[in-house]
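First the structure, in the form of structure tokens, and then the observations on it.
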Amino acid sequence: MLLGVSRMIFVAVGTQLPFDRLIRTMDEWASALPGRDVFAQIAGGSYVPKHIQWARSMLPEDFQSKLEHCQLLVAHAGIGSILSALELGKPVIVLPRQAELGEHRNDHQLATAKRFGARGMVRVAQNEKELCQLLDQFETPVSETRITNQASPELIRNLRQFISQATISQRGA
Amino acid sequence: MSERRAKILAVSSGGGHWVQLQRLRPAFVGHHVTFVTVGPCDTTAVSPDPVKLIPDANARTPFRMVWLLFRMAWIVLRIRPDVVITTGAAPGYWAIRFGRWCGAKTVFIDSIANAEHLSFSGRLSLGRADVTLTQWSDLAQDQGPCFWGSVV
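Which chain is which? The protein sequence lines are P and L, in order. Just add 297 to wherever you are in the first sequence, counting from 1, and you've got my numbering. Just add 5 to wherever you are in the second sequence, counting from 1, and you've got my numbering.
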């Protein structure tokens, strides 16, 4: 381990919905590794962790600070969590929420996980067992994706053109 | 002939929608932009551009939705934007409705989270926004939504 590099694992479920399946799995995984630094943001979950530090909600600046200091983000497959971590070059493991387990209104997180996973931007755990396997494998870190904090040049260019045209047509009107 | 600086209203709900909206900032350079999002959020993230906060509402919170409606109408009337750009969801839809009544040109960008079909607010925006965008090229259709690129 490099000096000064945090080994903290940050676990986040987003602001809106609880995700007990993720928190329980992380708590049980950490229980076998005393001293492993894990911090979980658990929202309104009914499962309260026994082996890791936790908070229900976090101020945006505290969330950002935890992300900056973590070694790995383990999260639901929410876009906010994924993009925020990738902008900082942090590796991400996602466990998608499933509608049939009452974890979300629909299964869009399965699609998000699949698409970002296919691009090699996140690692996807399909279930709790796979999550533990990915966590155990992660003990040997590998190089990771870092994204910029900007949209694709294509989208920026198209929007700039739209704004420019809108301004001209309104002046002419 | 130099181009006039546009007044842009950039709108989103919280969480991932707000993260996606911030990634569009290079498109706003040289114009006057006001951000509108749900609090609490880190408003310094888009400093020095101003941020107006709105209540968090969705289809399951009808009373807050009414409050959101009035607040959004007020913001749009005060700013009189030339352009409204949103990354969803409900607040963006309303910003587009009010924006068009004021003569603004409007773009609804459906969240990148909607990889299999357009969101509910995205479907509502079809035909109401000047342009409705998906961030997945395979979801684009001739009758809309269009694909203009993605936030990643």
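Built from N, CA and C at the ideal position, the CB exists for glycine as well. Note that the structure is predicted; figures quoted are calculated from it, not measured.
Q) Hey, quick one: how far does the beta strand (DSSP E) through P/T409 stretch, first residue to last? A) Here residue 409 of chain P refers to the residue found at position 112 of the first sequence. From DSSP, P/T409 is part of no beta strand (DSSP E) but of the alpha helix (DSSP H) over 405–415.
Q | Unbroken beta strand (DSSP E) run spanning P/I379, endpoints | A | By one-based count along the first sequence, residue 379 of chain P stands at place 82. First-last for P/I379: 376–384, but that is the alpha helix (DSSP H), not the beta strand (DSSP E).
Q) Which chain P residues sit within Cβ distance under 9 Å of L/A11? A) Within the second sequence, numbered from 1, the residue matching residue 11 of chain L stands at position 6. Going along chain P in sequence order, the residues near L/A11 (Cβ under 9 Å) are I460, S461, A463, T464, Q467.
Q.
Beta-carbon within less than 6 Å of L/I114's beta-carbon, same chain only, minus the 5 sequence neighbours each way: which residues are those?
A. If you number the second sequence from 1, residue 114 of chain L lands on position 109. Here the set comprises T92, L138.
Q: Pick helix, strand or coil for L/H22, following the three-state DSSP scheme.
A: Residue mapping note: residue 22 of chain L aligns to position 17 of the second sequence, counting from 1. It is helical.
Q | Neighbourhood of P/Q512 by C-beta, 8 Å cutoff - its chain only, sequence neighbours within 5 removed | A | In this structure chain P extends from 298 to 470, so residue 512 of chain P is not present and cannot be described.
Q.
Tell me whether the region 326–340 of chain P and the region 388–400 of chain P touch, counting them as touching only if at least three CB pairs, one residue from each stretch, are closer than 8 Å.
A. no
Q. How many whole angstroms separate the CB atoms of P/L383 and P/M418, which I take to be in contact at a CB cut-off of 8 Å?
A. In the first sequence, residue 383 of chain P corresponds to position 86, counting from 1. In the first sequence, residue 418 of chain P corresponds to position 121, counting from 1. Their Cβ separation, rounded to whole angstroms, is 6 Å, which keeps P/L383 and P/M418 in contact under 8 Å.
Q.
Give me the residue from L/V71, L/G44, L/G127, L/K57 with the minimum Cα distance to L/T111.
A. For the purposes of this step, residue 111 of chain L is identified with residue 106 of the second sequence, where counting begins at 1. The shortest C-alpha separation from L/T111 is found at L/G127.
Q.
By alpha-carbon positions, which one of L/P60, L/P31, L/H37 ends up nearest to L/G44?
A. Locating residue 44 of chain L in the second sequence gives position 39, counting from the first residue. Looking from the CA of L/G44, the closest CA among L/P60, L/P31, L/H37 belongs to L/P60.
Q.
Give me, in chain order, the residues of the same chain whose beta-carbon lies closer than 6 Å to that of P/L370; leave out the 5 immediate sequence neighbours on both sides.
A. Residue mapping note: residue 370 of chain P aligns to position 73 of the first sequence, counting from 1. Same-chain partners within the cutoff: F307, A382, K387, V389.
Q | In chain order, each beta strand (DSSP E) run of at least 3 residues that lies wholly inside the region 32–83 of chain L | A | 37–43, 56–59
Q: Return no unless some Cβ of chain L is closer than 8 Å to the Cβ of P/T409.
A: For the purposes of this step, residue 409 of chain P is taken as the residue at position 112 of the first sequence. Yes, P/T409 lies at the interface with chain L (some Cβ there is under 8 Å from its Cβ).
Q: Return the residues of the region 422–451 of chain P that lie within a Cβ-Cβ distance of less than 8 Å from chain L, sorted by chain order.
A: I444, N446, Q447, A448, S449, P450, E451
Q: Determine the direct distance from the alpha carbon of P/M355 to that of L/N119, and round the result to whole angstroms.
A: Here residue 119 of chain L corresponds to residue number 114 of the second sequence, with the count starting at 1. Here residue 355 of chain P corresponds to residue number 58 of the first sequence, with the count starting at 1. Taking the straight line joining both Cα atoms gives about 26 Å.
**Q.** Run of the beta strand (DSSP E) containing L/I13, from where it starts to where it stops
**A.** The sequence position of residue 13 of chain L within the second sequence is 8, counting from 1. Where L/I13 is concerned, the enclosing beta strand (DSSP E) stretches over 12–16.
Q.
Just to confirm before moving on: does the CB-CB distance between L/I101 and L/S155 stay below 8 Å?
A. In the second sequence, residue 101 of chain L corresponds to position 96, counting from 1. In the second sequence, residue 155 of chain L corresponds to position 150, counting from 1. In this structure, the beta-carbon distance from L/I101 to L/S155 does not fall below 8 Å.
Q. With 8 Å set as the bound, which would you pick, yes or no: does the beta-carbon of L/G97 sit closer than that to a beta-carbon of chain P?
A. As a first step, residue 97 of chain L must be located in the second sequence, where it is residue number 92. Judged by the 8 Å Cβ criterion, L/G97 is not in contact with chain P.
Q: Keeping to the same chain, check which residues put their C-beta closer than 6 Å to that of P/A327; ignore five residues upstream and five downstream.
A: Mapped onto the first sequence, residue 327 of chain P falls at position 30. The residues are R333, V335, H348, I349.
Q) P/L299 CB to nearest chain L CB: under 8 Å? A) Here residue 299 of chain P corresponds to residue number 2 of the first sequence, with the count starting at 1. Because the pLDDT at P/L299 is just 47, under 50, the model does not fix this residue reliably, and the value given afterwards should be weighed accordingly. False, the Cβ-Cβ gap to chain L never drops below 8 Å.
(Q) Mapping the DSSP letters down to three states, classify P/F336 as helix, strand or coil. (A) If you number the first sequence from 1, residue 336 of chain P lands on position 39. In this structure, P/F336 counts as strand in the three-state DSSP scheme.
Q) Would P/R412 count as contacting chain L if we go by Cβ distances under 8 Å? A) Walking along the first sequence from the start, residue 412 of chain P turns up at place 115. By this cut-off, P/R412 is an interface position.
Q: Let me know if L/G108 comes out buried or exposed under the rule of 16 or more other beta-carbons within 10 Å of its beta-carbon.
A: The residue you call residue 108 of chain L lines up with position 103 of the second sequence. So L/G108 counts as exposed.
(Q) Give me the residue from P/D433, P/R457, P/A463 with the minimum Cα distance to P/E325. (A) The residue labelled residue 325 of chain P in the question sits at position 28 within the first sequence. For P/E325, the nearest C-alpha among the options comes from P/D433.
Q) Cβ of P/I320 within 8 Å of Cβ of L/G21? A) Translated into the one-based positions of the first sequence, residue 320 of chain P becomes position 23. Translated into the one-based positions of the second sequence, residue 21 of chain L becomes position 16. Against a cut-off of 8 Å, the Cβ pair of L/G21 and P/I320 comes out as no contact.
**Q.** Span of the beta strand (DSSP E) around P/L369
**A.** Translated into positions along the first sequence, residue 369 of chain P becomes position 72. Unbroken beta strand (DSSP E) run through P/L369: 369–372.
Q. What residue range is occupied by the uninterrupted alpha helix (DSSP H) comprising P/W326?
A. Within the first sequence, numbered from 1, the residue matching residue 326 of chain P stands at position 29. Segment 317–328, the alpha helix (DSSP H) holding P/W326.
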